[in-house]
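J.: For reference, the structure I am asking about is given below.
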Amino acid sequence: MKSLIAKPVAVIVLLFARAITAVRPFWHEGRLPRRRSIFFANHSSHGDFILIWAVLPPRLRRRVRPVAGADYWLKSKLRSFIGRDVFNAVLIDRNRDARTMDPVESMGEAMKEGSSLILFPEGTRNQSDASLQPFKSGLFHLAALHPDFELVPVWIANLNRVMPKGEFVPIPLICTVTFGEPMHLADGEDKDMFLERAREALLALAPKKAAE
Amino acid sequence: MSSTQFDMMVLVLGVCGILLTASFVGQILERRLSPDGSNPAIENLNARINAWWVMAILIAIAFVAGRIGVLLLFGFCSFAALREFVTLTNTRRADHWALATAFFVVLPLQYVLLWIEDYEIFSVFIPVYAFLLMPIISAVRGDTQHFLVRIAEVQWALMICVFCASHVPALLTLHIPGYEGRNVLLIAFLVIVVQLSDVLQYIWGKMIGRTKIAPRLSPSKTVEGFVGGIACASLVGAGLWWITPFSPLQAGAMAFLITLMGFFGGLVMSAIKRDRGVKDWGHLIDGHGGLIDRLDSVVFSAPIFFHLTRYFWSPG
Chain A
177 MKSLIAKPVA VIVLLFARAI TAVRPFWHEG RLPRRRSIFF ANHSSHGDFI
227 LIWAVLPPRL RRRVRPVAGA DYWLKSKLRS FIGRDVFNAV LIDRNRDART
277 MDPVESMGEA MKEGSSLILF PEGTRNQSDA SLQPFKSGLF HLAALHPDFE
327 LVPVWIANLN RVMPKGEFVP IPLICTVTFG EPMHLADGED KDMFLERARE
377 ALLALAPKKA AE
Chain B
1203 MSSTQFDMMV LVLGVCGILL TASFVGQILE RRLSPDGSNP AIENLNARIN
1253 AWWVMAILIA IAFVAGRIGV LLLFGFCSFA ALREFVTLTN TRRADHWALA
1303 TAFFVVLPLQ YVLLWIEDYE IFSVFIPVYA FLLMPIISAV RGDTQHFLVR
1353 IAEVQWALMI CVFCASHVPA LLTLHIPGYE GRNVLLIAFL VIVVQLSDVL
1403 QYIWGKMIGR TKIAPRLSPS KTVEGFVGGI ACASLVGAGL WWITPFSPLQ
1453 AGAMAFLITL MGFFGGLVMS AIKRDRGVKD WGHLIDGHGG LIDRLDSVVF
1503 SAPIFFHLTR YFWSPG
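This is how it looks when you write it as structure tokens:
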């Protein structure tokens, strides 16, 4: 029953996201991402994963699962319906002390089943003035455990202006989703080096501000 | 078949003929010069021609659907244009409600006012009411940084994308003696003359263009293209007098005026793009860039064309 409603809801969300943002993807050198990918993106709005999901070709879209915080997405029936049933999110417990399952393990499980992931390595939405907050270590562990997955940096531009924190009416603005060059963990690269490199790769995709 | 329908059919056949010719030439160029799709100019030309087909078909469908079709089409154009415009502005969080009002209240209301044909309110709603309301909404939030700039940008976005653009469908509301039921042809006249002028300026410029008009603004605009394009488009406009309430001479003069406004409209909108550091307004139309890139000359000519037609041909 739930899955019967989930499909049309997904289509409605897709149409709505397109109507508001006219979202447009820029692929790295015009090439579509591979099937086994981890998309890691900047995080400023709850709609971030929807935009990535919306621009992926249907073939890839069916196999991609966003990684999201269980504390947020299980808070109400509606959220859990959208997170779990519509988008099939990998829900992870962000609370270190209370959790029963290691996030890297849950994500690895999904990857073994053949899913790609959408991951926000900042861990939470960025509400600071900095373009990008420091990365959490999950991305590194996934890269080390699953070397056959491409790590694709993805910059989502403008969505934070569409719906700033605390507002509920979206402003129609054009959003772009830029996919960077896929990367892998290098031989002998340690956690901090790798995370810094990944962060730089993502930051490089951010649009340059027009001259003031 | 009424004379309006007959004239409309002649127009549709004419436009189809021109587009078929363009598609044919485009295909030949592609076969000869760019069989592997390596020539960007030809690829862009063909993308543009295909987009022209889509635009012509959309406008034709709107015309067939009547008043509601035309209003919906231009309402959507206003929405997409406003979205492109506001994307490039310096709005801050405090402008959220002003922007929401612009998109979801002011824009639809302007088209509702066209539907009920209340010219008195239609003509002052944005320049008076919206212009005073917008800064009030933003001021209430108390953020004073760049206040005047932010307000001016939202107001101008509304002026260009909603007020000016809505003057195209507003042509339907004019009551011109002896021209009843034919108003939709005025829209056809305006759109055909302005768009043709853009294309002709481009072609003349490519052929003999040497002297750049405003190299810093728009490197492709040349004096030769400007003179040739405007002269030709004015002649075509004069030749289209039979779909207008004007005499051939008047139609030519109107065409001259609207192509002139169209040219400078393009120039002004280029200046804004340069200032914002972008090449196109958006990416809605393949080969043309954003909707405003295609609409810039129409929005500048529409209010003038509407006003002059109303002033001289529509008594009371």
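Chains as they are written, first to last, in our numbering: chain A, 177 to 388; chain B, 1203 to 1518. Even for Gly, the Cβ is constructed at its ideal location relative to N, Cα and C.
Using a Cβ-Cβ cut-off of 8 Å, state whether Ala198/A counts as contacting chain E.
T.: Protein chains in the displayed structure are A and B, and chain E is not among them.
J.: Excluding the 5 residues preceding and the 5 following Tyr1313/B in the sequence, name in chain order all residues of the same chain whose CB lies nearer than 6 Å to its CB.
T.: Taken in chain order, the residues that qualify are Leu1273 and Gly1277.
J.: Can you confirm whether Val353/A, when its beta carbon is compared against all beta carbons of chain B, has any partner nearer than 8 Å?
T.: Judged by the 8 Å Cβ criterion, Val353/A is not in contact with chain B.
J.: In chain B, which residues lie less than 8 Å from Leu349/A when you measure between Cβ atoms?
T.: Per Cβ cutoff of 8 Å: Arg1285, Val1288 and Thr1289.
J.: Determine the chain A residues that contact Leu1486/B at a beta-carbon separation under 7 Å, and present them in chain order.
T.: Going along chain A in sequence order, the residues near Leu1486/B (Cβ under 7 Å) are Ala198.
J.: Please report the straight-line C-alpha distance between Asp1488/B and Thr1461/B, rounded to a whole angstrom.
T.: So the alpha carbons of these two residues sit roughly 24 Å apart.
J.: Suppose you measure from the CA of Ala387/A to the CA of Arg1478/B; what does that come to, to the nearest Å?
T.: Residue confidence is low: Ala387/A scores 38 on pLDDT, short of 50, so the model does not pin down where it sits. Its coordinate-derived value is still stated next. Their Cα atoms are separated by approximately 7 Å.
J.: Check whether the region 205-212 of chain A and the region 257-268 of chain A touch, using three or more Cβ-Cβ pairs below 8 Å as the test.
T.: No, the region 205-212 of chain A is not in contact with the region 257-268 of chain A.
J.: Tell me the DSSP bridge mates of Met403/A?
T.: A query on residue 403/A cannot be resolved here, the shown segment of chain A reaching from 177 to 388 and no further.
J.: Mind listing the chain A neighbours of Arg1295/B? Cutoff is C-beta to C-beta under 7 Å, in chain order.
T.: Chain A residues near Arg1295/B: Pro340.
J.: Check whether the region 1438-1458 of chain B and the region 1467-1478 of chain B are in contact - that is, three or more C-beta pairs closer than 8 Å.
T.: Not touching, per the Cβ criterion.
J.: Mind checking the region 321-338 of chain A against chain B and listing, in chain order, the residues whose C-beta falls within less than 9 Å of any C-beta there?
T.: Answer in chain order: Asn334 and Arg337.
J.: Quick one: list the residues of chain A neighbouring Phe1305/B, beta-carbon separation under 7 Å, in chain order.
T.: What Phe1305/B touches in chain A: Ile347 and Pro348.
J.: Straight-line CA distance for Met1463/B to Thr354/A?
T.: Going by the C-alpha atoms only, they are around 37 Å apart.
J.: Is it right to say Ile350/A is buried, meaning 16 or more other beta carbons lie within 10 angstroms of its own, or is it exposed?
T.: Result: buried.
J.: Could you pull the DSSP bridge partners for Leu267/A from this structure?
T.: Paired residues: Ala244/A.
J.: If we ignore side chains and look at the alpha-carbon of each, how far apart do Ser1325/B and Leu1388/B end up?
T.: The straight-line gap from Cα to Cα measures roughly 19 Å.
J.: With Arg1250/B as the anchor, note down where its beta strand (DSSP E) starts and where it stops.
T.: Run containing Arg1250/B: none in the beta strand (DSSP E); it sits in the alpha helix (DSSP H), Pro1242 to Ala1267.
J.: Grab the span of the alpha helix (DSSP H) containing Leu190/A for me, first residue to last.
T.: Residues Lys178 to Thr197.
J.: Excluding five sequence neighbours on each side, which residues of the same chain lie with their C-beta closer than 7 Å to the C-beta of Trp1255/B?
T.: Contacts found: Leu1221.
J.: Return the first residue and the last residue of the alpha helix (DSSP H) that Arg1476/B is part of.
T.: Looking at the DSSP string, the run of the alpha helix (DSSP H) that includes Arg1476/B is Pro1450 to Arg1478.
J.: By a C-beta neighbour count over all protein chains shown, 10 Å radius and 16 as the cutoff for buried, is Lys1423/B buried or exposed?
T.: Its Cβ being crowded by 16 or more others within 10 Å, Lys1423/B is buried.
J.: When you compare only the Cα positions, how much space is there between Ala1282/B and Asp269/A?
T.: Ala1282/B and Asp269/A: Cα-Cα distance of roughly 40 Å.
J.: Please classify Gly1407/B as buried or exposed, where buried requires at least 16 other C-beta atoms within 10 Å of its C-beta.
T.: Buried.
J.: Return the CA-CA distance between Ala1457/B and Ala198/A, expressed in angstroms with no decimal places.
T.: Rounded to the nearest angstrom, the two C-alpha atoms are 34 Å apart.
J.: Mind checking who Pro201/A pairs with in its DSSP beta bridge?
T.: Val353/A, per the DSSP bridge assignment.
J.: Please tell me whether Arg1285/B and Pro348/A are closer than 8 Å, where the distance is taken between their beta carbons.
T.: Yes, the Cβ-Cβ distance between Arg1285/B and Pro348/A is below 8 Å.
J.: When the Cα of Arg373/A is compared with those of Phe311/A, Asp224/A and Leu267/A, which residue comes out closest?
T.: Nearest option by C-alpha distance: Phe311/A.
J.: Give the DSSP bridge partners of Lys1414/B, in chain order.
T.: BP columns for Lys1414/B point to Thr1424/B.
J.: Tell me, please, whether the CB atom of Glu343/A is closer than 8 Å to any CB atom in chain B?
T.: Interface residue, yes.
J.: How would you label Ile228/A, buried or exposed, when you count the other beta carbons within 10 angstroms and need 16 or more for buried?
T.: It counts as buried.
J.: Could you pull out every unbroken beta strand (DSSP E) segment of at least 3 residues lying fully inside the region 1306-1386 of chain B, listed in chain order?
T.: Counting only runs of 3 or more, we get nothing.
J.: By the three-class DSSP mapping on this structure, what secondary structure does Leu1231/B have?
T.: If DSSP states are grouped into helix, strand and coil, Leu1231/B belongs with the helices.
J.: Whose CA, out of Asn218/A, Ala193/A and Asp324/A, lies closest to the CA of Leu295/A?
T.: Comparing Cα positions, the closest option is Asn218/A.
J.: How is Gly1216/B classed by DSSP in three states: helix, strand or coil?
T.: Here Gly1216/B sits in helix by DSSP.
J.: Near Pro1337/B, which residues of its chain fall below 6 Å by C-beta distance, leaving aside the five closest residues on each side in sequence?
T.: Result list for Pro1337/B: Ile1353, in chain order.
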